[in-house]
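Residues 1 to 141 in the UniProt record's numbering are what the sequence shown spells out, letter by letter.
Heads up, the beta-carbon is just placed ideally off N, CA and C, and yes, glycines get one too.
Below: the structure, in structure tokens.
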Amino acid sequence: MSELIGKAGHKTLAVWAIDCAERVLPYFEQEYPEDHRPRKALEALRDWLSTGVFRMSVIRRASLDSHAAARDTGGDNPARSAARAAGQAAATAHVPRHAYGSAIYAQQAIYRATGTSDADTEAAKERDWQQSRLMKLISRK
1 MSELIGKAGH
11 KTLAVWAIDC
21 AERVLPYFEQ
31 EYPEDHRPRK
41 ALEALRDWLS
51 TGVFRMSVIR
61 RASLDSHAAA
71 RDTGGDNPAR
81 SAARAAGQAA
91 ATAHVPRHAY
101 GSAIYAQQAI
111 YRATGTSDAD
121 TEAAKERDWQ
131 QSRLMKLISR
141 K
């Protein structure tokens, strides 16, 4: 996956980070329906993608707010990992390699949400989807 990430452009990685985070965001939103910080982090990244206008203060705040939402969940759980995936995705506007963090946290969310006997298998399926999705996004260029 690291080699693929190295081949992808900045905006391609941002789209991929959103895709990864959105797949697990329901873990957070179902538990905390009134907390929109992770969703707003993804919206901030989308705004950057659509306008090309980068404001460090906006991206940083969106990312940090999503990570604060993760901390507010308490222990290690799928909601926490999902909020972290969104926070890492937002940070991709600043540093492209943060997209990898979004992917890893998405895998972790699925691992934590799955029964112990199937957790490794389900996380591997997610990793395979992520790789396939990134390859598809790269090939569109």
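Could you spell out where the alpha helix (DSSP H) holding residue i opens and where it closes?
{"i": "Val95", "result": "Unbroken run through Val95: none, as it is neither H nor E."}
{"i": "His36", "result": "Segment: none, His36 is in no alpha helix (DSSP H) and carries neither H nor E."}
Out of the options, state which residue places its alpha-carbon closest to the alpha-carbon of residue i.
{"i": "Ala21", "options": "Leu45, Glu122, Leu137", "result": "Leu45"}
{"i": "Arg37", "options": "Trp16, Ile59, Ala17", "result": "Ile59"}
{"i": "Arg23", "options": "Ser57, Ala119, Ala103", "result": "Ala103"}
{"i": "Arg127", "options": "Ser139, Lys7, Tyr111, Arg140", "result": "Tyr111"}
{"i": "Tyr88", "options": "Asp65, Glu34, Gly74", "result": "It should be pointed out that residue 88 corresponds to Gln in this sequence rather than to Tyr. Closest by alpha carbon: Asp65."}
{"i": "Ile5", "options": "Ala99, Ala93, Pro33", "result": "Ala99"}
{"i": "Leu25", "options": "His94, Thr12, Asp118, Ser81", "result": "Ser81"}
{"i": "Ala41", "options": "Pro33, Ala83, Ala119", "result": "Ala83"}
{"i": "Leu13", "options": "Gly115, Ala124, Gly101, Asp120", "result": "Gly101"}
I think residue i touches residue j, with their Cβ atoms under 8 Å apart; what is that distance to the nearest whole Å?
{"i": "Ala91", "j": "Ser50", "result": "18 Å between Cβ atoms; not a contact."}
{"i": "Ile138", "j": "Lys11", "result": "Between Lys11 and Ile138 the Cβ distance is about 12 Å, and since that is not below 8 Å, they are no contact."}
{"i": "Ala69", "j": "Asp35", "result": "6 Å"}
{"i": "Trp16", "j": "Arg140", "result": "No, Trp16 and Arg140 are not in contact; Cβ-Cβ is about 11 Å, not under 8 Å."}
{"i": "Pro78", "j": "Ala109", "result": "5 Å"}
**Prompt:** Can you give, in chain order, each stretch of the alpha helix (DSSP H) that sits fully within the UniProt domain "Imm-5-like" (4 to 135) and has at least 4 residues?
**Reply:** Runs of the alpha helix (DSSP H) inside the UniProt domain "Imm-5-like" (4 to 135): 10 to 31, 37 to 51, 56 to 72, 78 to 91, 98 to 113.
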